[in-house]
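To keep things clear, I will list the structure first and then write my remarks on it.
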Amino acid sequence: MNKLAIMTILLFTASCLNTPGCSGGSSGGKDVSSDADSDADSDSDGDTDSDSDSDSDSDGDSDGDSDTDGDSDTDTDSDSDSDSDTDSDTDSDTDSDSDTDSDSDTDSDSDGDADDCVPNGKARNPFISHMYTADPNAIVYGDRIYVYASHDVAGSSDFVMVDHHAYSSDDLVNWTDHGVAVSASDLSWASRLFAPTACEKDGKYYMFLTNGGSQISVVVSDDPGGPFTDPLGHGMLSSSFPNANVPWLFDPACFVDDDGQAYLYFGGGSDGGQNARVVRLNDDMMGFKDTRATTIATTAFFEASFMHKHDGKYYFSYSSDFSNGHGAALEYYIGDSPTMEGSEYKGALLGNSGINNGNNNHGSIVEFKGKTYVFYHNRKLTKEISNDNIYERSIAFQEITYAADGSINKAEMSTNDFTVSQLKCLDGFSEVQAETIAAQHGIDVDGKAGQTVRVAGIDDGDWVAYSQVNFRKGATHLVAKVASSAGGGTIDVLIDGCIDGSPGTSVGSCDVESTGGMGDFAELDCTIDAPAGPHDLCLKFGGNTNFELDSFHLKQ
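Here our numbering is used: position 367 in the sequence shown is 363, and no number is missing along the way.
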């Protein structure tokens, strides 16, 4: 994976300004340098070539499309242990990985004060910092919000994306990395995976993917965190489908209306034409009810279609082009139907900014727990580590609001280090997946969805932090599940530090002993003396750091 410390943002060059798809992403974690397949063929027209040619054929691939989709280099960071329980309480997370992160808190001390905790935390901007990510598609499943994102390979000189990750949270600050949800290496029909989208239908979870800018298909899972499998074994939508011959056949967006009908939006192009499309999906999500795609009339449409519904109205949003008065903002229409006939252009909902180096964007809008949030990517992470690389993007989000007439009050892309407020405390007495992260320095997340996802790639001085952990009446033990071949490592347990840049206060430490090998996880019981109430928790690593961390919980 990549070794990114914790922040970064990238300075965007003027030359990228009019480059289609030049929207960058954030890579993070460990060596943000070059796991990259250099292929990056960016020709969005369909050549799926993902090999080493970095052609920037204007059809969209390298430039336009890639930015938009952005996902993935095949770094292996992030396995998908979906510890969604990570946010602890009894939310219904469906963590699919074999680590039984179940929230089944082992403590029994908990006299009910778990629900009395009032957090005082805010989400980092960007909120994923251990790898570069882009093109976030946010969706609510039950009590959790999931974000499916492209993965930019660190150190790339083009948009090199070959896998997708899923992240989820129920408090909006501690985000669980579910690992590699799907990889191009598992698909016979694709070599480069641009921006993903996801939706649920009849208890199944679907992710629509693109092979560069040439075709779109679908993968499916029983768990929103993955792993996803390929039911068709081939592309589902290509330019041969009637009225689908747009310059960039990518950036799908799935929307399921209240009546259960699902729609797929897609398209892009730098030619200033009418390149936005929509088509109805079959009930099994594996094909189309329509025999022809419908054109959505737009203004300055570039790429990154998205649909959401609010108060009975349909909101079609997208990234605008670079023409005068637009500048790659997120813009939108409001209509009375999901196919947007007779809809009204409303202008920008999120302006672009220097933090994105003037590059194009890719956003999604979701309502969660009574508020509305816009997710997007910027180049803050790479910029903060002075990489100045437009191909390393990072995902962020902030709250937006509606006016009385239903229009969206325009917002500007935030440059703050902290944005959205934490909704609930993280219950430390429940099993917390280690990859449920509020902030980090230097670590990786390794693993595939459905397997053991864990914090890995640890070096001396690295740390991982969790926001507003509920210590209830205080804790005397931290029990960590670790794997080590040789032992000799240490975990310093700190409170109220790391996230805000301060050193924090040590409340104990753990000596890591050999468990017999990497992959052989065993519980390590550490004595601590931690006070009651909510505190940021930071685990700082030292000594022989050849070990990995799967999960932890507190005991009294």
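Every residue, glycine too, gets a C-beta built ideally from N, C-alpha and C.
Quick one: Cα of residue i to Cα of residue j, how far?
i: Glu337; j: Gln394; result: 30 Å
i: Lys551; j: Val428; result: 13 Å
i: Thr335; j: Asp254; result: 14 Å
i: Gly175; j: Tyr163; result: 8 Å
i: Thr295; j: Gly265; result: 12 Å
i: Val143; j: Asn133; result: 5 Å
i: Gln257; j: Lys305; result: 14 Å
i: Gln418; j: Val478; result: 28 Å
i: Asp532; j: Val114; result: 13 Å
i: Gly231; j: Ser319; result: 33 Å
i: Ser463; j: Lys536; result: 15 Å
i: Ser187; j: Ser235; result: 18 Å
i: Gln447; j: Gly470; result: 32 Å
i: Ser316; j: Ala344; result: 9 Å
i: Phe371; j: Gly512; result: 43 Å
i: Arg276; j: Asp496; result: 47 Å
i: Ala593; j: Phe237; result: Nothing about residue 593 can be reported from this structure: the residues present for the chain run from -3 to 552 only.
i: Asp434; j: Tyr328; result: Inspection of the sequence shows that residue 434 is occupied by Ala rather than by Asp. Approximately 31 Å, taken between the alpha carbons.
i: Val449; j: Phe190; result: 23 Å
i: Ala325; j: Ser426; result: 42 Å
i: Asp307; j: Tyr259; result: 19 Å
Near residue i, which residues of its chain fall below 8 Å by C-beta distance, leaving aside the five closest residues on each side in sequence?
i: Thr622; result: Lying outside -3 to 552, the shown extent of the chain, residue 622 is not represented and no answer is given.
i: Gly229; result: Ser184 and Trp185
i: Val475; result: Thr102, Glu519, Leu520, Asp521, Cys522, Phe548, His549, Leu550 and Lys551
i: Glu509; result: Ser480, Gly483 and Leu520
i: Glu196; result: Ile135, Tyr137, Tyr202, Pro220 and Val252
i: Lys309; result: Ile330, Gly331, Asp332 and Gly402
Taking 6 Å as the limit between beta carbons, can you name the residues of its chain near residue i, skipping five residues before and five after?
i: Ala452; result: Asp440, Asp442 and Glu544
i: Met203; result: Pro192, Ala194, Val215 and Phe224
i: Ala407; result: Leu346 and Ile396
i: Cys534; result: Trp459, Ala461, Leu490, Gly493, Cys494 and Gly500
i: Gly539; result: Gly484, Gly485 and Thr486
i: Phe553; result: With the chain represented from -3 up to 552, any question about residue 553 goes unanswered, as that position is not in the structure.
i: Val503; result: Val489, Ile491, Ile524, Asp525 and Ala526
i: Phe517; result: Lys477, Ala479 and Asp546
i: Leu168; result: Ala119, Val416 and Leu419
Assuming residue i contacts residue j under a Cβ cut-off of 8 Å, what Cβ separation, rounded to an integer in Å, is found between them?
i: Tyr314; j: Phe297; result: 6 Å
i: Ser153; j: Tyr387; result: 7 Å
i: Ser390; j: Thr129; result: 6 Å
i: Ile330; j: Phe262; result: Actually they are not in contact, since the Cβ atoms of Ile330 and Phe262 sit about 20 Å apart, beyond 8 Å.
i: Trp244; j: Gly268; result: Wrong, their Cβ atoms sit about 13 Å apart, outside the cutoff.
i: Tyr201; j: Asp226; result: So it is not a contact: roughly 14 Å between Cβ atoms.
i: Asn374; j: Asn352; result: 5 Å
i: Asp423; j: Asn466; result: 5 Å
Could you tell me if residue i is buried or exposed, where buried requires 16 or more neighbouring beta carbons within 10 angstroms of its beta carbon?
i: Glu380; result: buried
i: Gly354; result: buried
i: Val156; result: buried
i: Tyr341; result: exposed
i: Thr432; result: buried
i: Lys365; result: exposed
i: Val252; result: buried
i: Pro530; result: buried
i: Asn356; result: buried
i: Ala430; result: buried
i: Ser181; result: exposed
i: Asn278; result: exposed
i: Lys420; result: buried
i: Asp198; result: exposed
i: Thr541; result: buried
i: Asp553; result: No answer is possible for residue 553: it lies beyond the span of the chain, which begins at -3 and ends at 552.
i: Ser22; result: At Ser22, the pLDDT of 34 sits below 50, so the modelled position is not reliable and the matter cannot be decided from this model.
i: Lys118; result: buried
i: Thr287; result: exposed
If we cut at 8 Å on Cβ distances, does residue i have a partner in chain B?
i: Ala471; result: Absent from the structure is chain B; it holds one protein chain and no more.
DSSP has residue i in a bridge; who is on the other side?
i: Ile433; result: Trp171
i: Leu277; result: Phe284
i: Asp564; result: Here the chain covers residues -3 to 552 and nothing more, so residue 564 does not appear.
i: Cys506; result: Ile487
i: Thr290; result: Val274
i: Asp148; result: Tyr128
i: Leu422; result: Val465
i: Trp459; result: His437 and Lys536
i: Asn133; result: Tyr144
i: Asn207; result: Leu189
i: Asp159; result: Ser179
i: Asp521; result: Val475
i: Pro530; result: Asn466
i: Cys494; result: BP columns for Cys494 are empty, so no partner.
Skipping 5 residues on each side, what residues in its chain have a beta carbon closer than 7 Å to that of residue i?
i: Asn121; result: Lys376, Ala392, Ser410, Asn412, Asp413, Phe414 and Thr415
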